[in-house]
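**Student:**
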Amino acid sequence: MSDKSYAMVLDTRTCVGCSACVIGCKTENGVAKGYVRDWIFSETTGTYPNLQMTVRSERCNHCADAPCVTVCPTGSSHYGAGGTVQVNQDKCSGCKACIAACPYGARFIDPNEGAIDKCTFCMHRIENGIPTTSCQEICPTQSIYFGDLDDPNSEVSRLLATREHYTLLPGAGTKPKHFYLK
Amino acid sequence: MQEITTTRTNQYIDPVLHIWHGEIPLYLFLGGVVAGIMILTGLWFALRPTTERSRALSLLPWASPVLLSAGMFFLWLDLEHPFNAWRFYLTMKLGSPMSWGAWILMLIYPASILLAWAGSPAEVRQVWLKRLAKVPKLDAVNAWTAQNTKPLAVANVILGAALGIYTGVLLGTMAARPLWNSAILGPLFLVSGLSTGAAFLLLYRLADQERITLSKIDMGLIAVELLLIALWLIGLASGGAEARAAVGQLFGGPYTAAFWTLVIALGLVTPLIAEIIEHRHKVVPGRVTAVLVLIGGFALRWIVVFAGQHSGWVSELAQR
């Protein structure tokens, strides 16, 4: 296991919600029809004509304190390379406790395997020397960044040091490692 | 590839979580009944070893492994990958209540079967000793259980309590589901399990004195259960936005009618009043109140499991 701390940063100022990341991920990872590992969140708030729109690409937050890993009775859900949250489908009984425990709804049952599926931060690419995730590679506005938080010179570290950012549902106490630039 | 939408519409997750269906409340209900039977018969055998028991009460501990097997069958049906169930028994995850539960269930089988054997009437044991004469060492087991009935009874009380509490803790430890995320759920499911366990015993042909004792115990249990439900609701109603939205499902939300009629009125208050009247007028308790308690106990599990899945982190807007 690498001694890194992988994280993803998404720039909400440049993300236009084009969905290329969703289709790119589905193609790269062979995600089952009708299911997604990443998705476009878009929300409009306010009263016409004073409206504000938020658009962003979301996925598993690869929490540092992941409730899905804690509740898993078989050790199928675990912390993998670079502190990412991974699933060993061979060990999964499909009890779905992790789905209930995830406040983000990032997990689902892969209908072909009967086991949990979710975003892996494309560890099959990263661990084999390809420096990008598939969603990052395909993003036409280059809004997605991926890298090592423990390296102060990495792109994600520099962005988080200089730009205002947030994580989703910080009150849930899961310490997400997916950040959104304001 | 064909995708109509790229916003998330994953089955069983969106628009609201609905991963657990009828199997889970059925298991939680049966698990609670088994916990109740184990604790009540265990206490009875430990505290009144010499008092003569009705044939029904002597044989009823056999219901523990039978009902538990039925419950575990439903649990197994719920698994998406049922043939990986053995994976539960390759590890012990201290942070996972489900892992604790899997091991508790495995301990319950020998403990409950041995106690049921020890408690069975002597003539029944003799018949089965003859029928199973080919099984080696059965005489030794028979002698051992006869000598160790009290420790077996105590083990059943402890394991029954563990089973009853774990079914509540299983749901209670999930911070992502505010309706469940309460430490009260463990004791609530334990007391409800005891009450439904007593009700299950009362369905059978017990001696009058046994019926009166169990019914008196049940009165106390229902009173405690009402108190625990009140504390659970107060805890949620005085909590943060998520907790208040979650409990709102029982106060004007979609589960209001079912909760207040089936659980509170029919399943708890009516049997409590009936039992008080029975004792005031020295009537031997019948089976109708027991059936109501069982309906109420099942409805409680059903509503908690379904409404809990519909509760989540609604204040996402405010977090941004």
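One line per chain: the protein sequences are Z and V, in this order. When we follow my numbering, the leftmost residue of the first sequence carries the number 1, and every step to the right adds one. When we follow my numbering, the leftmost residue of the second sequence carries the number 1, and every step to the right adds one. Quick reminder that beta carbons are idealized off the backbone N, C-alpha and C, glycines included.
Please report whether the beta-carbon of Y48(Z) lies at a distance below 7 Å from any beta-carbon of chain V.
**Tutor:** Taking Cβ atoms only, chain V never reaches closer than 7 Å to Y48(Z), which makes this a no.
**Student:** Which two residues bound the contiguous beta strand (DSSP E) that contains Y48(Z)?
**Tutor:** Unbroken run through Y48(Z): none, as it is neither H nor E.
**Student:** Is there at least one Cβ from chain V nearer than 7 Å to A7(Z)'s Cβ?
**Tutor:** For A7(Z), the answer is no, since every Cβ of chain V falls outside 7 Å of its Cβ.
**Student:** Does P103(Z) come within less than 7 Å of chain V when only Cβ atoms are used?
**Tutor:** Answer yes: the Cβ-Cβ gap between P103(Z) and chain V drops below 7 Å somewhere.
**Student:** Please classify T162(Z): does DSSP put it in a helix, a strand, or coil?
**Tutor:** Looking at T162(Z) - three-state DSSP - the assignment turns out to be helix.
**Student:** If you follow the beta strand (DSSP E) that L8(Z) is part of, which residue opens it and which one closes it?
**Tutor:** Rather than Leu, the amino acid found at residue 8(Z) in this sequence is Met. Its beta strand (DSSP E) spans residues 6-11.
**Student:** Counting contacts by CB-CB distance shorter than 7 Å, is M98(V) in contact with chain Z?
**Tutor:** By this cut-off, M98(V) is an interface position.
**Student:** For a contact meaning CB atoms closer than 7 Å, what does I109(Z) contact in chain V?
**Tutor:** Going along chain V in sequence order, the residues near I109(Z) (Cβ under 7 Å) are Y12, E80.
**Student:** Report the neighbours of W332(V) on chain Z: residues whose CB is nearer than 8 Å to its CB, in chain order.
**Tutor:** Residue coverage of chain V in this structure runs from 1 to 320, which leaves residue 332(V) outside it and unanswerable.
**Student:** From the beta carbon of G219(V), is the nearest beta carbon of chain Z less than 7 Å away?
**Tutor:** Inspection of the sequence shows that residue 219(V) is occupied by Met rather than by Gly. Cβ-Cβ to chain Z under 7 Å: no for M219(V).
**Student:** Return the residues of the segment 65-84 of chain Z that lie within a Cβ-Cβ distance of less than 7 Å from chain V, sorted by chain order.
**Tutor:** Those residues of the segment 65-84 of chain Z that come within reach of chain V (Cβ to Cβ, closer than 7 Å) are P67, T70, V71, C72, P73, T74, G75.
**Student:** With a threshold of 16 other CB atoms inside 10 Å of the CB of K182(Z), please say whether the residue is buried or exposed.
**Tutor:** By the neighbour-count rule (16 or more Cβ atoms within 10 Å), K182(Z) is not buried but exposed.
**Student:** When the cut-off is 7 Å and only beta carbons count, does A167(V) lie next to chain Z?
**Tutor:** Before going further, note that residue 167(V) is Thr rather than Ala in the sequence given. With 7 Å as the cut-off, T167(V) does not count as an interface residue toward chain Z.
**Student:** Determine which residues share a DSSP beta bridge with R56(Z) and list them.
**Tutor:** Answer by DSSP bridge pairing, in chain order: F41(Z).
**Student:** List, in chain order, every chain Z residue whose beta-carbon is nearer than 9 Å to that of W302(V).
**Tutor:** Simply none; closest approach about 16 Å.
**Student:** Assuming C25(Z) and R37(Z) are in contact, meaning their beta carbons sit under 8 Å apart, how far apart are those beta carbons, in whole angstroms?
**Tutor:** C25(Z) to R37(Z), Cβ: 5 Å. Contact.
**Student:** Between the C-alpha atoms of G312(V) and I13(V), what's the straight-line distance to the nearest angstrom?
**Tutor:** Roughly 12 Å separates the two Cα atoms.
**Student:** Interface residues of chain V around G147(Z) at Cβ under 8 Å?
**Tutor:** Correct list: empty, because the minimum Cβ distance to chain V is about 24 Å.
**Student:** Do P61(V) and A116(V) have their CB atoms nearer than 7 Å?
**Tutor:** The answer is yes: Cβ separation under 7 Å.
**Student:** So with Cβ pairs under 7 Å, would you call K177(Z) a contact of chain V?
**Tutor:** Judged by the 7 Å Cβ criterion, K177(Z) is not in contact with chain V.
**Student:** For W313(V), go through chain Z and note every residue whose CB falls closer than 8 Å to its CB, in chain order.
**Tutor:** Ordered by position in chain Z, the residues that pass the 8 Å Cβ test against W313(V) are P103, L169, G171, A172.
**Student:** Would you list, in chain order, the members of the segment 161-194 of chain V that have their beta-carbon closer than 9 Å to a beta-carbon of chain Z?
**Tutor:** Of all residues in the segment 161-194 of chain V, L170, L171, T173, M174, A175, A176, R177, W180 have a Cβ within less than 9 Å of some Cβ in chain Z.
**Student:** May I ask you to verify whether the segment 107-119 of chain Z touches the segment 88-101 of chain V, counting CB pairs closer than 8 Å and requiring at least 3?
**Tutor:** No, the segment 107-119 of chain Z does not touch the segment 88-101 of chain V.
**Student:** Where DSSP assigns a beta bridge to I277(V), which residues make up the other side?
**Tutor:** BP columns for I277(V) are empty, so no partner.
**Student:** So A35(V) and L203(V) are in contact, right, with Cβ under 8 Å, and what is the actual spacing, rounded?
**Tutor:** Wrong, their Cβ atoms sit about 17 Å apart, outside the cutoff.
**Student:** I'd like to know whether the C-beta of S57(Z) is nearer than 7 Å to at least one C-beta of chain V.
**Tutor:** With 7 Å as the cut-off, S57(Z) does not count as an interface residue toward chain V.
**Student:** Give the interface partners of L17(V) over in chain Z, defined as CB-CB distance under 8 Å, in chain order.
**Tutor:** In chain order: I99, A100, G105.
**Student:** According to a CB-to-CB cut-off of less than 8 Å, which residues of the segment 108-132 of chain Z neighbour chain V?
**Tutor:** Answer set for the segment 108-132 of chain Z: F108, I109, P111, E113, G114, A115.
**Student:** To test your reading of the DSSP string, which unbroken alpha helix (DSSP H) runs of 4 or more residues are found completely within the segment 22-107 of chain V?
**Tutor:** Counting only runs of 4 or more, we get 23-47, 55-59, 63-78.
**Student:** Around the Cβ of W302(V), are there at least 16 other Cβ atoms within 10 angstroms (buried) or fewer (exposed)?
**Tutor:** By the 10 Å Cβ count, W302(V) comes out buried.
**Student:** Please check if any C-beta of chain Z sits within less than 7 Å of the C-beta of A85(V).
**Tutor:** Yes, contact with chain Z.
**Student:** Name the chain Z residues whose beta carbon is nearer than 8 Å to that of A146(V)?
**Tutor:** Those do not exist, as A146(V) stays about 37 Å from chain Z at its closest Cβ, beyond 8 Å.
**Student:** Which residues, taken in chain order from the segment 11-40 of chain Z, show a beta carbon closer than 8 Å to some beta carbon of chain V?
**Tutor:** Result list: S19, V22, I23, K26, T27, K33, G34, Y35, V36, W39, I40.
**Student:** Whole angstroms is fine: what's the gap from Y180(Z)'s alpha carbon to L190(V)'s?
**Tutor:** Approximately 43 Å between the Cα atoms of the pair.
**Student:** Taking Cβ positions, are A146(V) and V293(V) nearer each other than 7 Å?
**Tutor:** Not in contact: A146(V) and V293(V) (Cβ atoms no closer than 7 Å).
**Student:** Are the beta-carbon atoms of P103(Z) and L160(Z) separated by less than 7 Å?
**Tutor:** No.
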